[in-house]
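Trainee: Residue numbers (UniProt numbering): 1 to 458.
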């Protein structure tokens with residue numbers, strides 16, 4: 001029976017991880033216990049426990065708490081000690097959890113991952129060791145239930161490993177979810193580049209310098225992580241090609257090979273970077289000698305100051321040479337990049353012209369076909385007018401209307417006469433209204449009425 005360890009407290013960095021911060025002590029004791037028999041006796045709890053261990057192992061690896069790698073988990077005694085938790089002891093569930101995660105292709109041994117020819121997403125990708133575990137583990141459990149194997153069985157399972165401790169699960173594992181996350185971040189960053197011929201080319205060192213911090217400045221990728229990432233991007237994502245030390249991002253429709261031009265551009269880029277580093281170093285040395293000479297003058301050490309100034313002068317001459325070389329290489333690189341871009345532009349022109357020719361060569365766009373089509377359209381319109389005229393005449397016949405009995409000029413004159421009569425009636429109505437109201441003549445003049453009213457008031 002497992003006795004909880006009362007040794008040193010848990011690693012503080014471990015306790016800051018999400019899975020531990022959100023789990024109670026009693027829950028951790030359950031998670032740390034052997035869960036191998038839960039798969040059949042309590043499948044729901046088994047899946048929940050395995051999922052917790054998945055999140056924990058990802059968090060431990062991402063934080064670099066194991067071997068320092070951000071993509072590789074080193075499963076060994078050191079990991080068991082790292083995961084030791086007060087009140088729960090060492091994680092006895094870890095071997096079963098790792099075996100189960102391997103069947104889910106969450107964990108892959110580093111050796112299998114790097115040597116596999118097929119993509120990890122290929123349905124047939126199932127290493128022999130995983131298949132043996134998937135078949136053998138249930139069989140071993142069934143024999144335990146029959147008392148054939150186990151601590152009290154005919155065949156003791158403890159005798160299968162030296163000293164009663166099984167270390168067959170110890171190995172270096174890559175975590176596929178973390179690799180996918182890093183790959184997505186790399187592709188996003190690469191998509192932000194201008195896309196020139198030089199922007200898709202990298203050496204191993206320049207690739208590492210550009211993408212090692214995609215998980216954050218506090219979690220840089222090491223050389224081992226970069227190699228794993230390159231393998232994944234090449235084999236599983238098929239977005240890069242690698243030839244010796246040249247790495248090239250490829251897109252849909254772009255050449256999936258590394259050409260002599262690619263090698264030349266990369267060599268020029270590395271030469272420019274190397275010269276730029278030399279220039280920066282020389283400039284720093286010149287500044288240092290200037291400071292030393294100034295200090296020597298202040299201390300009245302004239303000869304020492306002159307020595308520093310001579311050394312600075314030599315460095316300044318060397319700096320001018322390096323700046324001249326850097327300018328030449330920069331100009332050459334710019335012309336090469338421009339020429340490479342021009343090639344892509346011309347290819348686009350060729351593709352566009354080919355497409356346009358293909359469209360214009362369609363039989364429907366030939367002159368004879370166009371003339372026939374337009375003539376047919378004119379005939380169709382004429383037929384439509386004839387049909388409309390026939391329908392109109394037929395309607396008049398059906399209604400008993402004889403169009404020949406009507407004189408269009410006479411009808412127009414009649415319409416004009418009716419309009420004039422309507423206008424005349426409107427004028428007469430207005431005049432009658434005015435005559436009845438404001439234009440009526442008063443019986444007695446207004447002044448005479450007032451003169452008649454004055455004596456009466458007196």
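Glycine included, each C-beta is placed from N, C-alpha and C at the ideal position. Quantities reported herein were computed from a predicted structural model and do not represent experimental measurements.
According to DSSP, what are the bridge partners of residue 75?
Mentor: To locate residue 75, count along the chain shown from 1; it is residue 75. Bridge partners of residue 75: 171.
Trainee: My output table needs one value for residue 243: the three-state DSSP class, helix, strand or coil.
Mentor: The residue given as residue 243 occupies position 243 in the chain shown. Here residue 243 sits in strand by DSSP.
Trainee: As a quick exercise: from 260, 57, 221, 349, pick the residue whose alpha carbon is nearest that of residue 91.
Mentor: Position 91 of the chain shown, counted from the first residue, corresponds to residue 91. Nearest C-alpha to residue 91: 57.
Trainee: Beta strand (DSSP E) containing residue 193: first to last residue?
Mentor: Sequence index remark: in the chain shown, residue 193 carries index 193 (1-based). Neither: residue 193 is in no beta strand (DSSP E) and is coded neither H nor E.
Trainee: Give the secondary structure of residue 289 by DSSP, where H, G and I count as helix, E and B as strand, and everything else as coil.
Mentor: Counting from 1 along the chain shown, the entry for residue 289 is found at position 289. Helix.
Trainee: Which residues does DSSP pair with residue 248 in a beta bridge?
Mentor: Here the question's residue 248 lines up with position 248 in the chain shown. DSSP lists 201, 241 as partners of residue 248.
Trainee: What does the alpha-carbon distance come out to for the pair residue 73 and residue 202?
Mentor: Counting from one through the chain shown, the residue named residue 73 turns up at place 73. Counting from one through the chain shown, the residue named residue 202 turns up at place 202. Distance between the alpha carbons of residue 73 and residue 202 is about 27 Å.
Trainee: Kindly indicate which three-state DSSP category residue 473 falls into: helix, strand or coil?
Mentor: With the chain represented from 1 up to 458, any question about residue 473 goes unanswered, as that position is not in the structure.
Trainee: Could you pull the DSSP bridge partners for residue 20 from this structure?
Mentor: Here residue 20 corresponds to residue number 20 of the chain shown, with the count starting at 1. According to DSSP, residue 20 bridges with nothing at all.
Trainee: Is the CB-CB distance between residue 225 and residue 279 below 9 Å?
Mentor: Here residue 225 is taken as the residue at index 225 of the chain shown, counted from 1. Here residue 279 is taken as the residue at index 279 of the chain shown, counted from 1. Cβ atoms of residue 225 and residue 279: not closer than 9 Å.
Trainee: Just to confirm before moving on: does the CB-CB distance between residue 178 and residue 61 stay below 9 Å?
Mentor: Residue 178 sits at position 178 when you count from the first residue of the chain shown. Residue 61 sits at position 61 when you count from the first residue of the chain shown. In this structure, residue 61 lies closer than 9 Å to residue 178 by Cβ.
Trainee: If we call anything under 9 Å between Cβ atoms a contact, is residue 347 one with residue 196?
Mentor: Within the chain shown, residue 347 is the residue found at index 347, counting from 1. Within the chain shown, residue 196 is the residue found at index 196, counting from 1. Not closer than 9 Å, so no.
Trainee: For the alpha helix (DSSP H) containing residue 37, list its first residue and its last residue.
Mentor: Counting from one through the chain shown, the residue named residue 37 turns up at place 37. Residue 37 -> no alpha helix (DSSP H), and no H or E assigned at all.
Trainee: Given a cut-off of 9 Å, decide if residue 364 and residue 373 are closer than it, judged by their beta-carbon atoms.
Mentor: By one-based count along the chain shown, residue 373 stands at place 373. By one-based count along the chain shown, residue 364 stands at place 364. Yes.
Trainee: Confirm, please, whether the CB-CB distance from residue 186 to residue 110 is below 9 Å.
Mentor: What you label residue 110 is simply residue 110 of the chain shown in a count that begins at 1. What you label residue 186 is simply residue 186 of the chain shown in a count that begins at 1. No, they are not a contact pair.
Trainee: Is the beta carbon of residue 293 closer than 9 Å to that of residue 263?
Mentor: Taking the chain shown and counting its residues from 1, the one referred to as residue 263 is at position 263. Taking the chain shown and counting its residues from 1, the one referred to as residue 293 is at position 293. No, Cβ-Cβ distance for residue 263 and residue 293 is not below 9 Å.
Trainee: Work out the CA separation of residue 118 and residue 214 for me, nearest whole Å.
Mentor: For the purposes of this step, residue 214 is identified with residue 214 of the chain shown, where counting begins at 1. For the purposes of this step, residue 118 is identified with residue 118 of the chain shown, where counting begins at 1. Distance between the alpha carbons of residue 214 and residue 118 is about 26 Å.
Trainee: Identify which residue in 325, 270, 66, 296 has its Cα closest to the Cα of residue 209.
Mentor: As a working mapping, residue 209 is identified with position 209 in the chain shown. The candidate whose alpha carbon is nearest that of residue 209 is 270.
Trainee: Am I right that residue 240 and residue 234 are in contact with their C-beta atoms under 8 Å? What's the rounded C-beta distance?
Mentor: Along the chain shown, read from residue 1 onward, the residue named residue 240 stands at position 240. Along the chain shown, read from residue 1 onward, the residue named residue 234 stands at position 234. At roughly 5 Å, the Cβ-Cβ gap stays under 8 Å, so residue 240 and residue 234 are in contact.
Trainee: According to DSSP, simplified to helix, strand and coil, what is residue 9?
Mentor: The count along the chain shown starts at 1 and reaches residue 9 at position 9. Coil.
Trainee: Nearest to residue 232 by CA position, among 115, 289, 198, is which residue?
Mentor: Here residue 232 refers to the residue found at position 232 when the chain shown is read from its first residue. Of 115, 289, 198, the residue nearest in Cα terms is 115.
Trainee: Taking all protein chains shown into account, decide if residue 356 is buried (16 or more other Cβ within 10 angstroms of its Cβ) or exposed.
Mentor: One-based indexing of the chain shown puts residue 356 at position 356. By the neighbour-count rule (16 or more Cβ atoms within 10 Å), residue 356 is not buried but exposed.
Trainee: Which full runs of the alpha helix (DSSP H) of 4+ residues lie inside the region 299-329, going along the chain?
Mentor: Runs found: none.
Trainee: Exposed or buried, which one is residue 35 when buried takes at least 16 other CB atoms within 10 Å?
Mentor: Position 35 of the chain shown, counted from the first residue, corresponds to residue 35. Counting Cβ neighbours within 10 Å, residue 35 comes out buried, since at least 16 surround it.
Trainee: Just the C-alpha distance for residue 98 and residue 54, rounded to the nearest angstrom, thanks.
Mentor: Counting from one through the chain shown, the residue named residue 98 turns up at place 98. Counting from one through the chain shown, the residue named residue 54 turns up at place 54. One C-alpha to the other measures close to 8 Å.
Trainee: Report the partner residues of residue 89 according to the DSSP bridge assignment.
Mentor: As a working mapping, residue 89 is identified with position 89 in the chain shown. In the DSSP output, where bridge partners are listed per residue, residue 89 has 85.
Trainee: Buried or exposed: where does residue 42 fall if 16 or more other Cβ atoms within 10 Å of its Cβ makes it buried?
Mentor: Within the chain shown, the letter at position 42 stands for residue 42. Per the 10 Å Cβ criterion, exposed.
Trainee: With distance defined between alpha-carbon atoms, name the residue in 408, 329, 96 nearest to residue 51.
Mentor: Here the question's residue 51 lines up with position 51 in the chain shown. When only C-alpha atoms are compared, the closest one is 96.
Trainee: Short of 7 Å in beta carbon distance, which residues of its chain neighbour residue 331, apart from the five on each side in sequence? Order them along the chain.
Mentor: By 1-based counting over the chain shown, the position of residue 331 is 331. Cβ within range, chain order: n/a, list empty.
Trainee: Would you check if the region 320-335 and the region 293-309 touch, i.e. whether three or more CB-CB distances between them fall below 8 Å?
Mentor: Because the criterion of three Cβ pairs below 8 Å is not met, the region 293-309 and the region 320-335 do not touch.
Trainee: Once DSSP output is grouped into helix, strand and coil, what is the label at residue 294?
Mentor: Reading the chain shown from its first residue, position 294 is the one you call residue 294. Residue 294 falls in the helix class under three-state DSSP.
Trainee: Helix, strand or coil for residue 260? Go by DSSP, reduced to three states.
Mentor: Within the chain shown, the letter at position 260 stands for residue 260. Correct three-state label for residue 260: helix.
Trainee: Taking buried to mean at least 16 other C-beta atoms within 10 Å of its own C-beta, is residue 84 buried or exposed?
Mentor: As a first step, residue 84 is located in the chain shown; it is residue number 84 there, counting from the start. With 16 or more Cβ atoms within 10 Å of its Cβ, residue 84 is classed as buried.
Trainee: Hey, could you find the ends of the alpha helix (DSSP H) residue 411 is sitting in?
Mentor: Mapped onto the chain shown, residue 411 falls at position 411. Segment 408-436, the alpha helix (DSSP H) holding residue 411.
Trainee: Just checking my contact of residue 10 with residue 86 at CB under 8 Å: how many whole Å lie between their CB atoms?
Mentor: Counting from one through the chain shown, the residue named residue 10 turns up at place 10. Counting from one through the chain shown, the residue named residue 86 turns up at place 86. Indeed they touch by this definition, with Cβ atoms about 6 Å apart.
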